[in-house]
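Asks: Chains as they are written, first to last, in this note's numbering: chain B, 1 to 419; chain G, 1 to 326; chain F, 1 to 285. Beta carbons: idealized from backbone N, C-alpha and C, even for Gly.
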Amino acid sequence: MRWVWVPLVVVALLAGASWSAAGPATCALGVPTIKLGVQGAASGPHADYGRQIEMGAQLAIEEINAAGGILGCRLEMRFMDEELRPATAVRNARFLVTEWGAHFLYGVDSSGSAMALGPVLRELDRIQFFTHAATHRLTEELVAQQKIKQIVRVSAPVYQDAVAAWLFRDRRDVRRWATIGADYEYGYATWAIFREQMRRLRPDVEFVGAAWAPFLTTDFSPHIAAVMATNPDGIIATPWAGEAVTLLRQALLQGVFDRIKVWFQAMGGSVDVLEGISQEVKEGRFQGKLYATARYIHNWPNTETNRSFVSRFAKRWNRMPNYSAETTYSAIYITKAAVERARSLQTDRVIAALQGMRIETPAGVRVFRSEDHQFVYAVPAGKVVWDPRYPIAVLGELKVFDPKDYWRWPPFRPLELSK
Amino acid sequence: MNHATRRWALAGLVLVLVLLPVVGSRYVVYLTVHILLLGLNAVGFNLLFGQTGLLSFGQAGFYAVGAYTCARILLAWPSLLPGVLGGTAAAAVAALVLGYLSVRHTRIYFAMLTLAFGMMIFSLAWKWRAVTGGDDGLVGVPRAPLELLGLVVPLPTVERYYYVVLVAAVLGVVVMHRVVHSPLGLALRAVRDSEVRAAHVGLDVRSLRLVAFTVAGAYAGLAGSLLPPLENTVTPPIAHWTASAEPVLATLLGGIRSFAGPLVGAFVLVVAKDVIVRFTVHWSLVLGVVVVVLVLGFRGGLVAALEGLALRAPRVQPAAAGEEGG
Amino acid sequence: MEVLAYQGLIGLSSAMYLWLISAGLTIIFGVLGVLNFAHGSLFMLGAYLGYTLYGVVGLPFGVAVLASMAAVALLGAAVERGLLRPLYGLDPSYQLLLTFGLVLFLDDLAKLVWGGVFRIPPIPPWLQGSVVLFGRPYPLYNAFLMATGALVGGGLWVLFDRTWWGRAVRATAADRDMAAALGIRTPGVFSSVFMLGSALAALGGALSTPVRPVAPGIGAAMIVQAFIITVIGGLGNLRGAFAGSLLVGVLSSYGTLWFPEFELFFVFAIMAAVLLVRPQGLFAR
Numbered sequence: 001m002r003w004v005w006v007p008l009v010v011v012a013l014l015a016g017a018s019w020s021a022a023g024p025a026t027c028a029l030g031v032p033t034i035k036l037g038v039q040g041a042a043s044g045p046h047a048d049y050g051r052q053i054e055m056g057a058q059l060a061i062e063e064i065n066a067a068g069g070i071l072g073c074r075l076e077m078r079f080m081d082e083e084l085r086p087a088t089a090v091r092n093a094r095f096l097v098t099e100w101g102a103h104f105l106y107g108v109d110s111s112g113s114a115m116a117l118g119p120v121l122r123e124l125d126r127i128q129f130f131t132h133a134a135t136h137r138l139t140e141e142l143v144a145q146q147k148i149k150q151i152v153r154v155s156a157p158v159y160q161d162a163v164a165a166w167l168f169r170d171r172r173d174v175r176r177w178a179t180i181g182a183d184y185e186y187g188y189a190t191w192a193i194f195r196e197q198m199r200r201l202r203p204d205v206e207f208v209g210a211a212w213a214p215f216l217t218t219d220f221s222p223h224i225a226a227v228m229a230t231n232p233d234g235i236i237a238t239p240w241a242g243e244a245v246t247l248l249r250q251a252l253l254q255g256v257f258d259r260i261k262v263w264f265q266a267m268g269g270s271v272d273v274l275e276g277i278s279q280e281v282k283e284g285r286f287q288g289k290l291y292a293t294a295r296y297i298h299n300w301p302n303t304e305t306n307r308s309f310v311s312r313f314a315k316r317w318n319r320m321p322n323y324s325a326e327t328t329y330s331a332i333y334i335t336k337a338a339v340e341r342a343r344s345l346q347t348d349r350v351i352a353a354l355q356g357m358r359i360e361t362p363a364g365v366r367v368f369r370s371e372d373h374q375f376v377y378a379v380p381a382g383k384v385v386w387d388p389r390y391p392i393a394v395l396g397e398l399k400v401f402d403p404k405d406y407w408r409w410p411p412f413r414p415l416e417l418s419k
Numbered sequence: 001m002n003h004a005t006r007r008w009a010l011a012g013l014v015l016v017l018v019l020l021p022v023v024g025s026r027y028v029v030y031l032t033v034h035i036l037l038l039g040l041n042a043v044g045f046n047l048l049f050g051q052t053g054l055l056s057f058g059q060a061g062f063y064a065v066g067a068y069t070c071a072r073i074l075l076a077w078p079s080l081l082p083g084v085l086g087g088t089a090a091a092a093v094a095a096l097v098l099g100y101l102s103v104r105h106t107r108i109y110f111a112m113l114t115l116a117f118g119m120m121i122f123s124l125a126w127k128w129r130a131v132t133g134g135d136d137g138l139v140g141v142p143r144a145p146l147e148l149l150g151l152v153v154p155l156p157t158v159e160r161y162y163y164v165v166l167v168a169a170v171l172g173v174v175v176m177h178r179v180v181h182s183p184l185g186l187a188l189r190a191v192r193d194s195e196v197r198a199a200h201v202g203l204d205v206r207s208l209r210l211v212a213f214t215v216a217g218a219y220a221g222l223a224g225s226l227l228p229p230l231e232n233t234v235t236p237p238i239a240h241w242t243a244s245a246e247p248v249l250a251t252l253l254g255g256i257r258s259f260a261g262p263l264v265g266a267f268v269l270v271v272a273k274d275v276i277v278r279f280t281v282h283w284s285l286v287l288g289v290v291v292v293v294l295v296l297g298f299r300g301g302l303v304a305a306l307e308g309l310a311l312r313a314p315r316v317q318p319a320a321a322g323e324e325g326g
Numbered sequence: 001m002e003v004l005a006y007q008g009l010i011g012l013s014s015a016m017y018l019w020l021i022s023a024g025l026t027i028i029f030g031v032l033g034v035l036n037f038a039h040g041s042l043f044m045l046g047a048y049l050g051y052t053l054y055g056v057v058g059l060p061f062g063v064a065v066l067a068s069m070a071a072v073a074l075l076g077a078a079v080e081r082g083l084l085r086p087l088y089g090l091d092p093s094y095q096l097l098l099t100f101g102l103v104l105f106l107d108d109l110a111k112l113v114w115g116g117v118f119r120i121p122p123i124p125p126w127l128q129g130s131v132v133l134f135g136r137p138y139p140l141y142n143a144f145l146m147a148t149g150a151l152v153g154g155g156l157w158v159l160f161d162r163t164w165w166g167r168a169v170r171a172t173a174a175d176r177d178m179a180a181a182l183g184i185r186t187p188g189v190f191s192s193v194f195m196l197g198s199a200l201a202a203l204g205g206a207l208s209t210p211v212r213p214v215a216p217g218i219g220a221a222m223i224v225q226a227f228i229i230t231v232i233g234g235l236g237n238l239r240g241a242f243a244g245s246l247l248v249g250v251l252s253s254y255g256t257l258w259f260p261e262f263e264l265f266f267v268f269a270i271m272a273a274v275l276l277v278r279p280q281g282l283f284a285r
């Protein structure tokens, strides 16, 4: 029965430790440091996203601290792996806020994690700046409908993938569309939004086939074979990160690019994907038929802000910044702007300071949409090309469309998700 | 340790648990809720594994049945008791049906069968979008008030909800203690030690296993149905086979042969993970080593190891008989 | 019709990975009585080593594959001697738990060593390209996989049926005490069988690197599939594992055509049904 004492002692220690956490206040906002809790996927085939989130956050924090912090307050970061598991994301958020003392939260890659965090953020009363999770339901349902004001999204949501419809609007030769979809909310939403826009722009197109690949698929060849059996002109594909690279490789093996006219890889503009397919792009094996977008691409816009961000990032990390790095980096600068305007860390005041915000960021000017706390900005789509000025493949022949045209706008009608 | 000290120690533990929201931070309270949930799940599991000798790799399935049922009830009828009781009952029914099929086998075949059933439940959670919400799960589940005998207790904070979970966990543990020390518990251990001998003295081996399986499923379901009010969300990963490993690991860690083993294991597992992830993302590396070492060197688990240390101490020990129950 | 035939052929080549991993799993179970949870992690290690030797170091593909098989086989021997041997007398649950601990350890170790970032090296030039089958280009690499799978199948058959070692293994599997009494060094048989199984898993993993991503966690995904197959084929039944791999590979290929919605559910339902109705496996004689 000795064991009884073990938990007793540990509980006492934990309680003592949490009691002694208070320290001296120093800076203008009445806290020793401003604490930023950051989460991203740091394990599995999607792990580069979390790494990029961490790199973007750290770069922003180093720069801001070097320039004197926010109102004289230094920033401090803590990064945690969300494991793409909602339960882990929720536990991390609770730890970051109630134990570590985070003032603001950032990140998460998984839509499931984002949706699970929503109600928890309300209970904890902390703002989270979402910098990747793309489900439209996060802002449309949880903010616009359920009024969870603590949710703010800096990254473009799944709306961005509808840009494909505009990109191929004038391609009269591409009439039969099929999808190789991620077999979860993101894949369904992309296919639904794409079809909705395409029907409007091009009543003559047909949607001929769909194959759905579950999360963590390693063998897409049955899906490719099934979709190719329907003889599509164009394919829109939603598996992302490592899965996108695998899918494209396996499509090459089946000679898909000899038989189709265009392939749109929704998140193919992501740096990890471009790195993964660089060799094939260089050899021209996609025959100029591969197109993609992302939530930000490092070679657009051609502004001083963006050029300098990319070069500082590349210098600091020896990598190109992916969109999850840019969105997190920008989210921290947005925090800075809002806190400086609010002169407070209180949730209500910071949210009030976000109203009407227009802010110059590497991805361009971001505008706060107050109905659903979504930052609006344009991201181009383009062809995957090899450009000797870059170490990896890039998006070229960029086309930019006005988010007014292809994003969803309030009041929101529920999106019909069907396969 | 004699009965008096044991009683004092238990009283002390209960006192700490009751006072926890006063002395501990919000996060400690939240973590303790998770310890209690895993503890309940593991205590139920150990009736199956430690007492009856059946290693199930499908407990996450019943946990999920409890969680999803409770979430659906709370979304339709925001009152805590119907949700929790409904979830537990649904898990018990699922365990009864699947258990009826599973207990035809033992050992590896039993483990594989429970793995398959658990994964069937997982794929339903993933794909049956109309009911389960698919990969996004059910979100916005309310922490509904506790309504009992006309009394309505709202549960706005984790601290308040903690007491609900604490009461459920204490009740669950006390009931299990009774079960283990009843003739039923004795019969289950007889089945574990020798199926043939148990059958020869007239025990209905298969029914006994089914009882243990159903009770374990109900405990998993109770733990599961206490989850959505805490997190406001239920998602498919809780049903995956890797989640089934949690009660297994907790039980193994604490010790399968002592009643308190799964509880101690749940405590150590949750706290260790929480502490280790603060220093390194490679916590499962550490956990893996711990599991290997435990299986090779300390199959009695932590409780037995600590008791072993205690026994080595130079003082007179009471007879070991009856220690089984801890 | 051509669509179905092509889809089936695609499934057949995917089945080869399943065959390579479940062959080792089922052999080890048949002889040692150990159901090795960590077998998927050995597949993963084979993939990582194959990727490193071929994609990073730049060894010829064939050499890289053989070297990673050898390395994983040695690791398998160490695991068998150092960790599993003390557990042979105990309830099989403990072996399952130990190998589960190894899964946690190895998957995280891979993350520590190779990091989270995946890479896929290019396909060796001599395996690029395609042949036309049923009017559509069929990847040469998939054809190569099928040939390798068939070759391994034939090799195993010769090894078990036509060599002294094979007889020793079969004798040990049938009755290890009797085999020992007959002068067969059963500990040596156990080690060599575990090494063979590990090498087969590594072969599957290494062959997957040019076309599939290597990442921590692929092991956990593969092992569940391998469990399904070995159960359907009958635990310990090598021919059953072969037939089971083909069945699952082809079925899941057709599944994406016909019943994508509940593919996962049906695969596990088949596994459960086999365990209930015919626990010795569908293909037991």
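Ignore the nearest five residues each way along the sequence and tell me which others in S110/B's own chain have a CB closer than 8 Å to its CB.
Replies: For the purposes of this step, residue 110/B is taken as the residue at position 110 of the first sequence. Hits under 8 Å: A41, E82, L84, R85, P86, A89, A133.
Asks: For T98/B, which of helix, strand or coil comes out of DSSP?
Replies: Working through the first sequence from its first residue, we reach residue 98/B at position 98. In this structure, T98/B counts as helix in the three-state DSSP scheme.
Asks: On a CA-only basis, which of I332/B, T26/B, Q374/B, R295/B is nearest F104/B? Give me that one, please.
Replies: As a position in the first sequence, residue 104/B is number 104, starting the count at 1. Minimum Cα distance to F104/B is reached at I332/B.
Asks: How long is the line joining the alpha carbons of F313/B and C27/B, rounded to whole angstroms?
Replies: Here residue 313/B refers to the residue found at position 313 when the first sequence is read from its first residue. Here residue 27/B refers to the residue found at position 27 when the first sequence is read from its first residue. Their backbone Cα atoms lie some 28 Å apart in a straight line.
Asks: In three-state DSSP terms, what is C73/B?
Replies: By 1-based counting over the first sequence, the position of residue 73/B is 73. Residue state, collapsed to three classes: strand.
Asks: Looking at C-beta atoms only, is the number of pairs between the stretch 217–229 of chain F and the stretch 17–25 of chain F that lie closer than 8 Å three or more?
Replies: With the cut-off at 8 Å, the stretch 217–229 of chain F and the stretch 17–25 of chain F touch.
Asks: Which residues in the same chain have their Cβ closer than 8 Å to the Cβ of A199/F, if we skip the five residues on either side of it in sequence?
Replies: Within the third sequence, residue 199/F is the residue found at index 199, counting from 1. The answer, listed in chain order, is G24, M69, A70, V72, A73, G76.
Asks: Give, in chain order, every residue of the stretch 126–142 of chain G whose Cβ lies closer than 7 Å to some Cβ of chain B.
Replies: Going along the stretch 126–142 of chain G in chain order, one finds G134, D135, D136, G137, V139, G140 with a Cβ nearer than 7 Å to chain B.
Asks: By the three-class DSSP mapping on this structure, what secondary structure does L146/G have?
Replies: In the second sequence, counting from the first residue as 1, residue 146/G sits at position 146. Of the three classes helix, strand and coil, the one that applies to L146/G here is strand, per DSSP.
Asks: Between Y48/F and W126/F, is the Cβ-Cβ spacing less than 7 Å?
Replies: Here residue 48/F refers to the residue found at position 48 of the third sequence. Here residue 126/F refers to the residue found at position 126 of the third sequence. No. Outside cutoff.
Asks: Check the Cβ-Cβ distances between P213/F and every residue of chain B, and say whether any is below 7 Å.
Replies: By one-based count along the third sequence, residue 213/F stands at place 213. Yes, contact with chain B.
Asks: Taking only the alpha-carbon atoms, compute the straight-line gap between A292/B and Y390/B and give it to the nearest angstrom.
Replies: Translated into the one-based positions of the first sequence, residue 292/B becomes position 292. Translated into the one-based positions of the first sequence, residue 390/B becomes position 390. Rounded to whole angstroms, A292/B to Y390/B spans 17 Å at the Cα level.
Asks: Report the residue ranges of all alpha helix (DSSP H) runs contained in full by the stretch 297–322 of chain B; include only those spanning at least 4 residues, in chain order.
Replies: Within the stretch 297–322 of chain B, the complete alpha helix (DSSP H) runs of at least 4 residues are 304–317.
Asks: With DSSP as the reference, identify every bridge partner of T361/B, one or two as the case may be.
Replies: Residue mapping note: residue 361/B aligns to position 361 of the first sequence, counting from 1. For T361/B, which the question treats as bridged, DSSP gives the partners G364/B.
Asks: Starting from S14/F, find everything on chain B with Cβ-Cβ shorter than 8 Å and list it in chain order.
Replies: Looking up residue 14/F in the third sequence gives position 14. Simply D219, S221, P222.
Asks: Tell me, to the nearest whole angstrom, how far the beta carbon of S13/F is from that of L145/F; I am working on the premise that it is less than 8 Å.
Replies: Looking up residue 13/F in the third sequence gives position 13. Looking up residue 145/F in the third sequence gives position 145. Rounded, the Cβ-Cβ distance is 5 Å, consistent with contact.
Asks: Using a threshold of 7 Å, state whether the C-beta atoms of L144/G and L74/G are closer than that.
Replies: Here residue 144/G corresponds to residue number 144 of the second sequence, with the count starting at 1. Here residue 74/G corresponds to residue number 74 of the second sequence, with the count starting at 1. The amino acid occupying residue 144/G in the given sequence is Ala; Leu does not appear at that position. It is a contact, given that the beta carbons lie within the stated cut-off.
Asks: Starting from I238/G, find everything on chain B with Cβ-Cβ shorter than 8 Å and list it in chain order.
Replies: One-based indexing of the second sequence puts residue 238/G at position 238. Per Cβ cutoff of 8 Å: A87.
Asks: Please identify, using Cβ separations under 9 Å, the residues of the stretch 17–50 of chain F that lie next to chain B, in order along the chain.
Replies: Cβ contacts with chain B come from Y17.
Asks: Starting from I27/F, follow the alpha helix (DSSP H) in both directions and report where the run begins and ends.
Replies: As a position in the third sequence, residue 27/F is number 27, starting the count at 1. Unbroken alpha helix (DSSP H) run through I27/F: 2–32.
Asks: Is there a Cβ from chain B that is less than 7 Å from the Cβ of R26/G?
Replies: Working through the second sequence from its first residue, we reach residue 26/G at position 26. So, interface residue.
Asks: Is V316/G close to chain B, meaning its C-beta is less than 7 Å from at least one C-beta of that chain?
Replies: Position 316 of the second sequence, counted from the start, is the residue given in the question as residue 316/G. Low confidence applies to V316/G: its pLDDT is 42, below 50, so where it sits in the model is not reliable, and the reading given next is rough at best. Output row for V316/G: interface = no.
Asks: Using a beta-carbon distance below 7 Å, is A294/B in contact with chain G?
Replies: In the first sequence, residue 294/B corresponds to position 294, counting from 1. Answer no: the Cβ-Cβ gap between A294/B and chain G never drops below 7 Å.
Asks: Give, in chain order, every residue of the stretch 93–108 of chain F whose Cβ lies closer than 8 Å to some Cβ of chain G.
Replies: Within the stretch 93–108 of chain F, the qualifying residues are S93, Y94, L96, L97, L98, F100, G101, L102, V103, L104, F105, L106, D107, D108.
Asks: Using only the alpha-carbon positions, how far apart do G118/B and G44/B sit?
Replies: For this step, residue 118/B is matched to residue 118 along the first sequence. For this step, residue 44/B is matched to residue 44 along the first sequence. So the alpha carbons of these two residues sit roughly 24 Å apart.
Asks: Spell out a yes or no on whether the stretch 89–99 of chain G and the stretch 161–176 of chain G are touching, meaning 3 or more CB-CB pairs, one atom from each, closer than 8 Å.
Replies: Cβ pair count under 8 Å is below three, so no.
Asks: Please work out which residues of its chain come closer than 6 Å, Cβ to Cβ, to K383/B, disregarding the five sequence neighbours upstream and downstream, and give them in chain order.
Replies: If you number the first sequence from 1, residue 383/B lands on position 383. Correct list, in chain order: Y291, G396, E397.
Asks: Determine the chain F residues that contact W241/G at a beta-carbon separation under 8 Å, and present them in chain order.
Replies: For this step, residue 241/G is matched to residue 241 along the second sequence. Neighbours of W241/G on chain F, chain order: V224.
Asks: Please return the same chain residues whose Cβ sits closer than 6 Å to the Cβ of R129/G, not counting the five positions on each side in sequence.
Replies: Within the second sequence, residue 129/G is the residue found at index 129, counting from 1. If we look at R129/G and ignore the five residues flanking it on each side, it has no Cβ neighbours.
Asks: Buried or exposed: R247/G, going by 16 or more other Cβ atoms within 10 Å of its Cβ?
Replies: Numbered from 1 along the second sequence, position 247 holds the residue referred to as residue 247/G. A small fix is needed here, since residue 247/G is Pro in this sequence, not Arg. With 16 or more Cβ atoms within 10 Å of its Cβ, P247/G is classed as buried.
Asks: Rounded to the nearest angstrom, what separates W375/G and L210/G at their Cα positions?
Replies: Since the displayed chain G opens at 1 and closes at 326, residue 375/G lies outside it and no answer follows.
Asks: Which stretch, first to last residue, makes up the beta strand (DSSP E) that contains G40/B?
Replies: If you number the first sequence from 1, residue 40/B lands on position 40. Element bounds for G40/B: 34–40.
Asks: If contact is defined by three or more beta carbon pairs under 8 Å, each pair taking one atom from either stretch, is the stretch 272–282 of chain F in contact with the stretch 223–240 of chain B?
Replies: Flag = no, the stretch 223–240 of chain B and the stretch 272–282 of chain F do not touch.
Asks: In the structure shown, what three-state DSSP assignment does G86/G receive?
Replies: Working through the second sequence from its first residue, we reach residue 86/G at position 86. In the structure shown, G86/G sits in a helix (DSSP, three-state: H, G or I).
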